[in-house]
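Residue numbers (our numbering): 109 to 819. Positions of the beta carbon are idealized from the N, C-alpha and C atoms, including for glycine. Worksheet: the structure to be examined is printed underneath.
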């Protein structure tokens, strides 16, 4: 097909929009103010055909000469041959944008005005004209030193197995044979030195053989071999080395040397064993001398990595959020203003909060008359146990870790005490006195990556004077009062809290909140299936005739379905909902102790039931959801986003509930009853007309029967 030559021909790529700039045109495009004399750039938007300029003007800069309701008059210079013609065109506001061509001029003008004002104040006269830039200053370049790297040739002995192994069998020194133990050991050491092998010496020769290498050079080693090869009568005792004196043995030697798989090392006169020597050597054989090939460097490296790998403890409960949850949702897992614990300790993005921590530490110690050495010594005794709570290796020294635990733990304690007893808040407190700062701090305390072991906080709270505790004698009670208003645990299980003063096994704050949401033994559903079913949406349930009602139970997980009525506890949706439940889900997904993932199963159930804003409208109408977040669209999006990429529990907690709901919706009788009720009995007038129609139909049927009988 030939290419076109129209006004917009061959402009698919020319008018294409940039990456991530597609979609609806932003409202700011229509709210921009253009004045006559402004410079604008013509940039055609291919999605808007009205008021589109010719492709020649795309990318040109012009000056505004007219402004109408929907269009901008732009004056552009156009070169035609050797002439430059001023063209005046009108384009819609979607195809223009403010130009930055005069930005440098405006900045230079402002800077010149400042320079003139400063010069006038000093009584000086300056020139603000632009000066040409001078050449760049020269510098000397040093020549590079060339280095030549040449590989060292490696001589390989032609052995079948590739291993340097020498097995030496020597006779008993008590016999009347000349011992060649020293001679063979010297040969072994020579091989080890010459070929760079790793030597392993076993037997009587181990002590003096290492002494030989330490005290003799290689030349001495060759001379030692020659001396050892002589008969005892030919040896000059005066020239004999000190290490060799007393080491010779009388008699002839029995030697059997092998390299690799049966290859002979030495084969000559005086070295072939006789039958008698073989028998003697088999019964009284000296330990062998072995030369082994060096180990593979990669194997040694892997062994070192395995040895340096940290051990995983069953106490691990503070995790890094998996990447599948974090991607695109970093604001719900990363701290805003304060880092607590070692995971975000090295970021250095909260220097101001470190000052607040030290101020809180000073106030805590002075009010309770505690010494810093006493608290620090107590924290040091918990270091090993506290490190096992973190799944990642904490790259901090013992002193740094103890300081971190002490400062952060006392900061959290003082924060909770001031929240409960407001008289301890002074006028210089930048957390409680600064607007909305406490909300950001509270957000950071709820994060799974921003946790401190619960036993550390509880142990330091036991040091607090009873007069400062008030009625809250136990740390569990203080924690409950701190969280109850924000995460609504005062209504969902205040009576199911861990017993104060007992080893309750709470690991950290996220685990503490999760304990409140868990059902009691009486409220737990019957489950035992390792599969899951997807429940219908709220709209589908209403169409099938299911009634909705709130329940007075204190467990958020207690959702019941009985005789066509689905009872769900009231669920408050606010600014804290997504942060709290995302971190609860991340904790459940990472922790192995949670076979039944209650919170994850709940969010999956709600995400399946709430698919559109219409489902939210129905739940709000039945007072099941209290929307404090904003529009109903935001609520439906919240549940859909939380329920993504969530692994369900084994078994699935709501399996029986979903099975009942699906069975109820599949029954046609319930749907027919709902249609009848909605179409004919939803208003009093339709009820009257329906009854009248039924009566009229009955009378007509009776009249017809009577007429037939009269015949």
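Three or more Cβ pairs drawn from the stretch 115-123 and the stretch 163-170 lie within less than 8 Å of each other, which places the two stretches in contact. Residue 769 is positioned such that its CB atom lies closer than 8 Å to that of residue 644.
The beta carbon of residue 174 sits closer than 6 Å to the beta carbons of 181 from its chain, once the five residues preceding and following it are set aside; these are given in chain order. CA-to-CA, the gap between residue 134 and residue 169 works out to about 22 Å. Leaving aside the five residues that flank residue 151 on each side, the residues in its chain whose CB is nearer than 8 Å to its CB run, in chain order, 166, 167, 203, 204 and 205. By the neighbour-count criterion, in which a residue is buried when 16 or more other Cβ atoms sit within 10 angstroms of its Cβ, residue 225 is exposed. Per DSSP, the beta-bridge partners of residue 198 are 181. For residue 814, the secondary structure class from DSSP, reduced to helix, strand or coil, is helix.
In this structure, DSSP gives residue 681 an extended state, which the three-state scheme calls strand. In this chain, residue 118 is not harboured by any beta strand (DSSP E), its DSSP state being neither H nor E. Ranked by Cα distance from residue 238, the options 213, 248 and 250 are led by 213. A contact is defined here as three or more CB-CB pairs under 8 Å, and the stretch 685-694 meets this definition with respect to the stretch 738-751. Beyond the five residues adjoining it in sequence on each side, residue 654 comes within less than 7 Å, by CB distance, of 672, 674 and 772 in the same chain, given in chain order. Residue 424 is a Cβ neighbour of residue 497, given a cutoff of 8 Å.
For residue 204, the enclosing beta strand (DSSP E) starts and ends at 204-206. Residue 174 sits in a strand when the DSSP states are folded into three classes. The beta-carbon separation of residue 452 and residue 547, rounded to 19 Å, does not stay under the 8 Å limit for a contact. Just so you know, the alpha carbons of residue 461 and residue 445 end up roughly 7 Å apart. Looking at the backbone, the Cα of residue 626 and that of residue 802 are separated by about 53 Å.
Following the DSSP letters along the chain, one finds residue 431 inside the alpha helix (DSSP H) bounded by residues 431-434. The count of Cβ pairs closer than 8 Å, one atom from the stretch 514-529 and one from the stretch 564-584, reaches three, so the stretches are in contact. Closest in C-alpha terms to residue 764, from the list 815, 722, 258 and 709, comes 709. Excluding its 5 nearest sequence neighbours in each direction, residue 767 has C-beta neighbours in its own chain below 7 Å: 641, listed in chain order. Counted as a single uninterrupted DSSP element, the alpha helix (DSSP H) harbouring residue 482 occupies residues 480-489. Leaving aside the five residues that flank residue 619 on each side, the residues in its chain whose CB is nearer than 8 Å to its CB run, in chain order, 425, 562 and 695.
Counting only runs of at least 3 residues, the stretch 550-577 fully encloses no beta strand (DSSP E) element at all. For residue 655, the enclosing beta strand (DSSP E) has its first and last residue at 655-658. Residue 668 sits in a strand when the DSSP states are folded into three classes. Between residue 617 and residue 559, the gap from beta carbon to beta carbon is short of 8 Å. Between residue 704 and residue 761, the C-beta gap is smaller than 8 Å, which places the two residues in contact. Out of 177, 144, 130 and 229, the CA that lies nearest to the CA of residue 154 is found in 130. The shortest CA-to-CA distance from residue 210 to any of 472, 221 and 146 is the one to 146. Per DSSP, the unbroken alpha helix (DSSP H) holding residue 468 starts and ends at 459-476. A distance below 8 Å between beta-carbons, with the five flanking residues on each side excluded, links residue 755 to the following residues of its chain, in chain order: 697, 705 and 708. Taking a cut-off of 8 Å for Cβ pairs, the stretch 535-543 and the stretch 479-492 do not touch, as fewer than three such pairs fall below it.
Contact between residue 565 and residue 520 holds, since their C-beta atoms are separated by about 6 Å, short of 8 Å.
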